[in-house]
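Asker: Residue numbers (this note's numbering): 571 to 666. Every residue gets a Cβ at the ideal spot worked out from N, C-alpha and C, and that includes glycine. Sharing a structure below in structure tokens format, with a few things to ask.
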Amino acid sequence: VVPPLSAAVEVAAYRVVQEAVNNVIRHSHAQHCEITLTLNESVLVLVKDDGIGMPKQVKQGVGLNAMRERAEELGGVLTLSSKQNEGAQVLVRIPL
Numbered sequence: 571v572v573p574p575l576s577a578a579v580e581v582a583a584y585r586v587v588q589e590a591v592n593n594v595i596r597h598s599h600a601q602h603c604e605i606t607l608t609l610n611e612s613v614l615v616l617v618k619d620d621g622i623g624m625p626k627q628v629k630q631g632v633g634l635n636a637m638r639e640r641a642e643e644l645g646g647v648l649t650l651s652s653k654q655n656e657g658a659q660v661l662v663r664i665p666l
């Protein structure tokens, strides 16, 4: 059973997934993309792919900035990680 979430948290989680998957489609050359949502003391949204990974110096474009801002507006954080030719992952943690 999923506990009720505020509209702000629901929208933030949805938009983060939307933008992260859009980035996978546009940039990663991935074969697979996995989305995981976990609820405990916070909402954890993880989007990971098996693509080419992000460059060492990630250019913070509109999409990444929007995801980060959505998380931070609700007291959360966004973490990016990547390994060259092993994919990338976006993790957003939003406290409940």
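1. Apart from the five residues on each side of it in sequence, which residues of its chain come closer than 6 angstroms, Cβ to Cβ, to Leu648?
2. Check whether the Cβ atoms of Leu609 and Val572 sit closer than 8 angstroms, and answer yes or no.
3. Ala658: buried (16+ other C-beta within 10 angstroms of its C-beta) or exposed?
4. Which partner residues does Leu616 have in the DSSP bridge list?
5. State the Cα-Cα distance for the pair Thr606 and Tyr584, rounded to the nearest angstrom.
Answerer: Result, derived from the coordinates:
1. Locating residue 648 in the sequence shown gives position 78, counting from the first residue. Cβ within range, chain order: Met637, Arg638, Ala641, Val662.
2. Locating residue 609 in the sequence shown gives position 39, where the first residue counts as 1. Locating residue 572 in the sequence shown gives position 2, where the first residue counts as 1. Yes. Within cutoff.
3. Your numbering for residue 658 matches position 88 in the sequence shown. Classification of Ala658: buried, given that the 10 Å Cβ count is 16 or more.
4. Residue numbering aside, residue 616 sits at position 46 when the sequence shown is read from its first letter. Beta-bridge pairing links Leu616 to Thr606, Leu661.
5. Walking along the sequence shown from the start, residue 606 turns up at place 36. Walking along the sequence shown from the start, residue 584 turns up at place 14. Distance between the alpha carbons of Thr606 and Tyr584: 12 angstroms.
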